[in-house]
Amino acid sequence: MLTNDLDFRLEPSLKELYEQHKIRAQKIDWGYHEFLPWDKGMDFKRVPWDESQVTLPSGVITAIETALLTEVNLPWFTTYLSATFKGSLSVITDFIHTWTSEEDQHSNLLETYLLLTRSVNPKRIHELRKSVVEGGFEPDFHTPIEAMTYTTLQELATMVFYNNVAKVASKHDPDLATLLRRLAKDETLHYAFYRDVIRTHLELEPNYCYHIANVIMNFKMPGAVMP
Numbered sequence: 001m002l003t004n005d006l007d008f009r010l011e012p013s014l015k016e017l018y019e020q021h022k023i024r025a026q027k028i029d030w031g032y033h034e035f036l037p038w039d040k041g042m043d044f045k046r047v048p049w050d051e052s053q054v055t056l057p058s059g060v061i062t063a064i065e066t067a068l069l070t071e072v073n074l075p076w077f078t079t080y081l082s083a084t085f086k087g088s089l090s091v092i093t094d095f096i097h098t099w100t101s102e103e104d105q106h107s108n109l110l111e112t113y114l115l116l117t118r119s120v121n122p123k124r125i126h127e128l129r130k131s132v133v134e135g136g137f138e139p140d141f142h143t144p145i146e147a148m149t150y151t152t153l154q155e156l157a158t159m160v161f162y163n164n165v166a167k168v169a170s171k172h173d174p175d176l177a178t179l180l181r182r183l184a185k186d187e188t189l190h191y192a193f194y195r196d197v198i199r200t201h202l203e204l205e206p207n208y209c210y211h212i213a214n215v216i217m218n219f220k221m222p223g224a225v226m227p
């Protein structure tokens, strides 16, 4: 019978997907300190920020800010996924923990880059970050199969976004392009796991497309609610 939950018969297959993810992630394990231009850093008290210090085009900066203000919602994303999958397959809970540990570096990398390169007003970005986190975020989908579909689409969109911004940024700052492509690799692995979970469910029961279609038709990126 079709439900909006994950199918317990698929747990062995999903455990295999999780093991594959861990192997792939280990091969490209990284620390955000490896991708930052530390030599560009200056003391803001000694050398106050000024708009004349900005060297990147405004469009690129806006794109990085948008990514940052999406990534800082990680605590809310984790809370949402943990609540939605409570009582569901244990392997999904295990993956959420792994996913959180891998995503945790993303906002640190983006914000530190913006500050080191003086691409943004430090006070302004601090206030924006605080405002977004205080505002919280939760998708409009509250069943396991819908949440799995939402995260699949969100990871895919983020992967494409990072790769596209990297193409533009490479003309202005190779360091930025490199770190964006590094983030895109994480998103690619996360997307692959979520996608394959959905695929296994569709192979078992094609009528899951009913729940999947609902998410596709009403999908919004987390950035839709940022200031």
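Per full-length UniProt numbering, residue 1 is the first one in the sequence shown, and the count goes up by one each step. Note that beta-carbon positions come from the ideal geometry of N, C-alpha and C, so glycine has one too. Since the model is a prediction, treat every value here as computed from it, not as a measurement.
Helix, strand or coil for residue i, going by three-state DSSP, please let me know.
| i | result |
| --- | --- |
| residue 1 | Because the pLDDT at residue 1 is just 45, under 50, the model does not fix this residue reliably, and the value given afterwards should be weighed accordingly. In this structure, residue 1 counts as coil in the three-state DSSP scheme. |
| residue 9 | helix |
| residue 77 | helix |
| residue 17 | helix |
| residue 220 | coil |
| residue 28 | coil |
| residue 161 | helix |
| residue 119 | coil |
| residue 41 | coil |
| residue 72 | coil |
| residue 204 | helix |
| residue 178 | helix |
| residue 186 | helix |
| residue 36 | coil |
| residue 144 | helix |
Within its chain, find whatever has a CB closer than 7 Å to the CB of residue i; leave out the 5 residues flanking it on each side and keep chain order.
| i | result |
| --- | --- |
| residue 1 | Only weak support exists for where residue 1 lies, its pLDDT of 45 falling under 50; the value from the coordinates is given anyway. Same-chain partners within the cutoff: there are none. |
| residue 28 | 185 |
| residue 180 | 162, 165, 166 and 169 |
| residue 72 | 107, 129, 132 and 133 |
Provide the residue span of the alpha helix (DSSP H) that contains residue i, from first to last.
| i | result |
| --- | --- |
| residue 99 | 90-116 |
| residue 211 | 209-217 |
| residue 173 | Element bounds for residue 173: n/a, residue is neither H nor E. |
| residue 132 | 122-135 |
| residue 52 | That residue, residue 52, is in no alpha helix (DSSP H); it is neither H nor E in DSSP. |
State buried or exposed for residue i, treating a residue as buried only when at least 16 other CB atoms are found within 10 Å of its CB.
| i | result |
| --- | --- |
| residue 35 | buried |
| residue 97 | exposed |
| residue 91 | buried |
| residue 23 | exposed |
| residue 42 | exposed |
| residue 113 | buried |
| residue 207 | exposed |
| residue 118 | buried |
| residue 99 | buried |
| residue 107 | buried |
| residue 153 | buried |
| residue 213 | exposed |
| residue 172 | exposed |
| residue 210 | exposed |
Can you find the residues in the same chain that come closer than 8 Å, C-beta to C-beta, to residue i, ignoring five residues on each side of it along the sequence?
| i | result |
| --- | --- |
| residue 167 | 177 |
| residue 9 | 204 |
| residue 150 | 139, 141, 215 and 219 |
| residue 94 | 18 |
Judging by CA-CA distance, which residue of the options is the nearest neighbour of residue i?
| i | options | result |
| --- | --- | --- |
| residue 142 | 22, 86, 64 and 37 | 86 |
| residue 44 | 182, 123 and 137 | 123 |
| residue 146 | 218, 21, 8 and 20 | 218 |
| residue 161 | 22, 63 and 38 | 63 |
| residue 50 | 137, 121 and 71 | 121 |
| residue 68 | 18, 48 and 105 | 105 |
| residue 33 | 182, 222, 215 and 212 | 182 |
| residue 126 | 88, 111, 136 and 138 | 111 |
| residue 116 | 103, 89, 210 and 56 | 56 |
| residue 84 | 148, 61 and 196 | 148 |
| residue 103 | 13, 196, 190 and 93 | 190 |
Given residue i, which residues of its chain have a CB within under 6 Å of its CB, disregarding the five upstream and five downstream residues?
| i | result |
| --- | --- |
| residue 54 | 119 |
| residue 80 | 138 |
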